[in-house]
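Residue numbers (the working numbering), protein chains in the order written: chain A, 1 to 432; chain B, 433 to 933.
Every residue, glycine too, gets a C-beta built ideally from N, C-alpha and C.
Being a predicted model, the structure only gives us computed values, none of them experimental.
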Amino acid sequence: MGIFAFSAPDPCNAFITRIPEAEYGDGKLAGVSIAVKDNISTKGIQTTCGSKILEGYVPPYDAHVVELLRAEGAAILGKTNMDEFGMGTTTENSAYGPTLNPADRERVPGGSSGGSAAAVASGMVRMALGTDTGGSIRCPAAFCGIVGMKPTYGRVSRYGLVAYANSLEQIGPMAANVPDISLLMGVLTCHDPRDSTSIIAPYTHTPDPDIHGLKVGVPEEYFGKGVDPRVASTVWEGISLLERLGAEIITCRMPSMDYALAAYYVTCMSEASSNLARFDGVRYGPPADPKKQWHESFQERRRDGFGKEVRRRVMLGTFALSSGYYGKYYAKAQSARRNVAADFSRLFSEVDVLAGPTMPTIAFRLGEKSDPLSMYLSDILTVPANLAGVPAISVPCGKVDGMPVGLQIMGRWCADERVIDVAYAFEEGVSA
Amino acid sequence: MSSVSGSPAFQAVEGDEEVIIGLEVHCQLDTKTKLFCGCSTDYRDDGPNTHVCPICLGLPGSLPAVNRKAVEFALKVAKALNCRVLEESEFSRKNYFYPDLNKGFQISQYDKPLAVEGWLRIEGDDGEKTVRITRVHMEEDPGRLVHKGGADRPKYTLVDYNRAGIPLIEMVTEPDIRSPKEARRFLNKLRATLEYLGVFDSEKEGSLRVDANISIQPRGWFEAHGKGMEGRGRTEVKNISSYKGVEKALTFEITRQKNLIRRGQRLETATRHFVETRGVTTASRSKEMEQDYRYFPEPDLVPLRVSDWCERIVLPELPDARQNRFMDEYGCSYNHARTLTGDLRVAEFYEKVAAVDPRIAATWVADTLLGELNYRDMNIAKVSPSHFIELLQMLKEDVITDKSAVEVLRVILDQLAEGCQCEAPSSCVARLNLAKTADDGLDAVIEEVMREHPQAVEDFHNGRKEALNFLVGQVMRKTRGRVDPGDVNRRLREILPPGGT
Ligand SMILES: [Zn+2]
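Here's what the structure looks like:
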C-alpha cells in the first residue's frame, strides 16, 4: 500500500493524462508502475481515446483489466496517447499531438499504442497496457524496442475497452522484457462474464526457455515485397538464433496474405462506423446546437469532433455496410477472414509457431506516412493474427540504422504460453 | 406462374375488394432485468434515468451480455406460436441516428431471427382461421423522448434511458388478416397467449406497439399473385400503441385508401403515422422510408444455439386448451368458454368463483360482470373473488333476484371505480333491503294490490288474461323488484278466484 509519486518528465508526449500521486495496493503488482492506453475506461480518470469528441469524458466505471490491475496492487500512473480511437500506425493521429519515438524523436513510435510503448521504452513506467486491433501493440513495441503481446482473442476481457473493431481487438501487455509480459498476462487473463466473447483460460504459466525440437514456420510472404531487406536480414538472423537454440526452421507459405489486408480494413472500418455512432453530441463532448434541427446538429458535432482519419474510416465503413454493397465488401471480408484462419490452422498442423518480422520497416519519420494507403500497407504483417484471433508477440531483435526491429512470433489459438516461451528463449539467447 | 397487373387470367369484379393486413407486434417481455444488463425493468413510477448503467446507457467500452430469462421467455413465445426455432440465430446491429438511441444502433435480429414459420388460430370474420407468423425475434427497446413546453411545438426535448434495453419481442405475421376486427381479434388472442405464458403484462403502459401493413386489393388478387396489384401499394401504419388503436387506425386507413381508389388515384407504398388522439393516420416524411439500417452481426455477442433448449421447455395451458377444459370440466357453453378464457385474469377469476355453481358463475362472469366492467373501463383485477362468490351464493340460494344481484354488482363496482373500499354484497343487500320478500310478505303485498285494483281483479275473473300481467307489474313495483316475477305470477293465480268461462 502506498502512493507512487509520478513526476518523470514526458519529452515524447507519451501521456494524455497523468496521475501525479497514484495510489497502489498489495498483490502481484504491488507498487508496479503501469500506464494504461487512453481507450481503456478508468473510473474517475478522463478517457479520451485520443479524440477531441471525448475530451473531458470521465468514465463512471473501470474496465475489467483496470479492476484486475488495481486488485493486484498496481500503481496506475496515467493514460497514454494513441491514434484517435486506435485508427493509425504512428500515433500521429491524436487530438493531443503526436507521440515521439524515445529512440529517435524525429521518428514515430508506431501505433496506435504509441504512448504506451514510448512510456515503457523511455523508462517512465515499468509496464503498460495497449490494445491491438491490427498490430497496435506489436507495431509500437517493434518500433520502440520493447516487448508487446496480442493475446488470443477472448483471453482478455474487452469490457471497458472503447470499441474500434470489436471482432479483432484485444487488450495486451507491453513491457521491457518477456517475464514482465508473462507476469501481466497472469493478471489480465481472468474470465469475465460481462464480455460474451471472453473465454475461460487463465494464464498461470512461468516462461520456459527450452525450445529444443520446436518447429518454427517462416512464411515466405513475411519476407516478400515491401519488406525492407535490412529488416528482413536482421529478422532472419534472429530466426537462426532460434535454430541454434534447438528449434527446427521450416519455410512455408500463407497464400491468404494476398487479401488479408483488404479483409482487415473492410472489417475494422465497418465495425468502427457503427461503434462510433454513439458520439452524436447528445451524451459526450460539447452539446449539439439546440437551435438546429437534430440531423444538422449531430452531423456538425461529428464533423467537428472527429479527426480526418476517423472520418475517413467511418465513411468507408458506412459505405461497406450499406445495402447493395454489404455482400461485396463486408460479407466478402468475412469469408476472406475464414480463409486466413484456415491458412493458420493448416500451418499449425505442421509447425508449432510462425516467425517473421513484426513490421516491414523501421519506424517512419514524423509525417512520412502522409498517404493513408501506404500507412495501411505497413500493417500487412500484423493483421493476419487479428483476423485469425491467434496470439502474437513482438520481441526486440537487433537494430537497423540505430532503430529497433521486432521479431514477431505467432502461435496456435490459446497457445499464448508457447508464444511467450519462444520469445523468452529468444530474449535469453540474445543476452547470452 | 402468376404475372403482375393486367394478367388475363384474373378478372376483378368491379367494387368487389378485400383488405389485406399484416401486423408487426412489439411486446415488452416481462423480465425482472433488462435484455443486456442487470438494471431493473420496473421503472414506470421512478424518475428519469434512474434505472441505468454503463451498458444500457451505451457508455463507451460497455458490452452487452444476453439475459437468459429473456431468451427463455422468447422461446416460450416461439413455441406457443408453433414456430421453428433456428439452429443458430444471431443478434445484429440496426444502425440509425436518433437521440433516444444510446449507442447509435439498436441490437436486434435480422437475417437469423430466433424463430420462423409459426401460426396462431383466431376467430376470423368467417369462423376459425389461421394467421401465419413469419418470424419472431428479440431486440432492445430504445430510450424515450420527453418533449417539454407544448405538445405541438416543444421548446426542448429530454431523453430518458430508463426504457433503454428493456427486452422486446417482435412478432411479424403474414398478410393473412382481412379486416380491422380480425386484427383486433388476433391481437387479443396474441395478448392472451403471451399472458398465459407469463412473459407479458399488457397492463403496463407502453408494453405493446404495433405497426400494421394494409392495402386494398381486388378480391382474390392477393392470393392469386402473392402480392398486391400495381398501383395498390400498401401503407405501413406505425406507432400504434393500443389494442383499440389498431382497429381505429386500420378502419381509418381503409376509408382513406378506398376514397383514393374511387378517385382513380394510384396508391404508392408509404409509411404513415397513427395519431392516437385524433384517430387518424398522417403521412411521414419520405426520408424515413429510405432509411438504410446497415445491419451486420453484433460482434460483441456470440450466436444463440437454443433450439434444443426450446424442445425442453414445457408450456403452460394456453387459451385454446383452457377453453376446451372449461367446456368439459365446468360445462360452459362454447361462447362462454371462449369469453372466459380470452383473458388470463378473467379465466383465473372464473376458476376462483366457479365452485359455487359453474353455470351460474359462467353466465354472471362472462355476460354480466364483463359487461359492467367494460362499461366502466375497469379491470377485473379490482374485483374481489370472495365478494363475487358471496353474490353468486345469494343467487344460488335464491336470497336475491337476478335484478337485485345486478344492482348490488353495480353499486360495488361504482364504489371500486371511485377508488373506495367496497362493501360486502351481503351488507349491500341488507342496506338496500334487497333480500327477496318472504312469501308471507308477498301475500300481504298481493292482497294490498288486489284491494287497490278491484277492477283488474274483476277483469281477470271475467277472463281477461292481460289483467294478470297488470297485477304482477303492480306487485313488482311495490316490492321494487325484490320478488321473482314468476313467483308473483304463480301466487296470484293461486289467490285469485279462477277466471271465467
Ligand atoms: Zn443497465
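For the alpha helix (DSSP H) containing residue i, list its first residue and its last residue.
i: Trp551/B; result: Trp551/B -> not in any alpha helix (DSSP H); beta strand (DSSP E) instead, spanning 547-556.
i: Cys742/B; result: 739-744
i: Cys190/A; result: It is not in any alpha helix (DSSP H) - Cys190/A carries neither H nor E in the DSSP assignment.
i: Pro348/A; result: Note that residue 348/A is Phe in the sequence shown here, rather than Pro. That run of the alpha helix (DSSP H) goes 332-348.
i: Ala793/B; result: 790-795
i: Leu924/B; result: 917-927
Closest to residue i by C-alpha separation, out of the options, would be which residue?
i: Glu23/A; options: Asp228/A, Ala74/A, Val422/A; result: Ala74/A
i: Asp592/B; options: Leu533/B, Ile539/B, Ile844/B; result: Leu533/B
i: Val503/B; options: Arg883/B, Arg726/B, Val568/B; result: Val568/B
i: Thr197/A; options: Gly110/A, Ser94/A, Tyr376/A, Tyr153/A; result: Tyr153/A
i: Arg564/B; options: Phe618/B, Glu749/B, Val738/B; result: Phe618/B
i: Ile362/A; options: Cys139/A, Tyr325/A, His295/A; result: Cys139/A
i: Ser322/A; options: Asp343/A, Met269/A, Arg302/A; result: Met269/A
i: Ile200/A; options: Asp210/A, Thr189/A, Pro209/A; result: Thr189/A
i: Cys854/B; options: His819/B, Ala837/B, Glu749/B, Ile878/B; result: His819/B
i: Arg726/B; options: Leu461/B, Leu507/B, Ser540/B; result: Ser540/B
i: Leu940/B; options: Pro748/B, Glu560/B, Arg516/B; result: For chain B, the structure presents residues 433 to 933; residue 940/B sits outside this window and is missing.
i: Gly454/B; options: Phe654/B, Asp740/B, Gln723/B; result: Phe654/B
i: Val642/B; options: Val877/B, Arg842/B, Ser673/B, Gln825/B; result: Ser673/B
i: Ala813/B; options: Leu823/B, Val797/B, Glu822/B, Met826/B; result: Val797/B
i: Gly148/A; options: His64/A, Ile171/A, Arg253/A, Asn166/A; result: Ile171/A
i: Tyr222/A; options: Pro360/A, Ile16/A, Ser370/A; result: Pro360/A
i: Pro396/A; options: Ile137/A, Leu381/A, Leu168/A, Phe143/A; result: Phe143/A
i: Trp551/B; options: Pro729/B, Lys621/B, Arg576/B; result: Lys621/B
i: Asn177/A; options: Val120/A, Asp192/A, Gly160/A; result: Val120/A
i: Thr683/B; options: Ser739/B, Val604/B, Arg610/B, Arg516/B; result: Arg610/B
i: Glu456/B; options: Tyr528/B, His483/B, Glu519/B, Lys670/B; result: Lys670/B
Are the Cβ atoms of residue i and residue j separated by less than 8 angstroms?
i: Ile601/B; j: Leu467/B; result: no
i: Ser33/A; j: Tyr61/A; result: no
i: Val218/A; j: Gly356/A; result: yes
i: Gly429/A; j: Leu276/A; result: no
i: Thr80/A; j: Lys37/A; result: yes
i: Gly406/A; j: Ser394/A; result: yes
i: Pro496/B; j: Val282/A; result: no
i: Met82/A; j: Gly123/A; result: no
i: Gly88/A; j: Thr131/A; result: no
i: Ile646/B; j: Thr667/B; result: yes
i: Ile487/B; j: Cys469/B; result: yes
i: Lys150/A; j: Val351/A; result: no
i: Ile409/A; j: Ala392/A; result: yes
i: Arg365/A; j: Glu106/A; result: yes
i: Ala118/A; j: Asn93/A; result: no
For residue i, which beta-bridge partners are listed by DSSP?
i: Ile601/B; result: Cys459/B, Met570/B
i: Phe223/A; result: Note: Phe223/A sits in no beta bridge, so no partner.
i: Ile53/A; result: Answer by DSSP bridge pairing: none, since Ile53/A is not bridged.
i: Ser472/B; result: Thr465/B
i: Asp592/B; result: Arg576/B
i: Ile453/B; result: Ile609/B, Ile646/B
i: Asn527/B; result: Phe537/B
i: Asp104/A; result: Asn101/A
i: Pro229/A; result: In DSSP, Pro229/A forms no bridge with anything.
i: Cys252/A; result: Pro219/A
Tell me where the beta strand (DSSP E) around residue i begins and ends.
i: Gly24/A; result: At residue 24/A the sequence reads Tyr, which differs from the Gly that was named. Where Tyr24/A is concerned, the enclosing beta strand (DSSP E) stretches over 21-24.
i: Ser611/B; result: Careful: Ser611/B lies outside any beta strand (DSSP E) and carries neither H nor E.
i: Lys676/B; result: It is not in any beta strand (DSSP E) - Lys676/B instead sits in the alpha helix (DSSP H) that spans 675-694.
i: Ser540/B; result: 537-540
i: Val712/B; result: 712-715
i: Val395/A; result: 392-400
i: Met127/A; result: 127-132
i: Asn671/B; result: 667-672
i: Lys28/A; result: Note, Lys28/A: premise wrong, no beta strand (DSSP E); not H, not E.
i: Leu77/A; result: 75-80
i: Gly405/A; result: The amino acid at residue 405/A is misidentified as Gly; the sequence shows Val. Segment 403-411, the beta strand (DSSP E) holding Val405/A.
- [ ] Check each residue's C-beta against every heavy atom of ligand 1 and list, in chain order, those closer than 6 angstroms.
- [x] Lys466/B, Cys469/B, Cys471/B, Val484/B, Cys485/B, Ile487/B, Cys488/B, Gly597/B
TODO: Scan the stretch 717-747 of chain B for residues whose Cβ lies nearer than 7 angstroms to a Cβ of chain C and list them as they occur along the chain.
DONE: The structure shown has no chain C; the protein chains it does contain are A and B.
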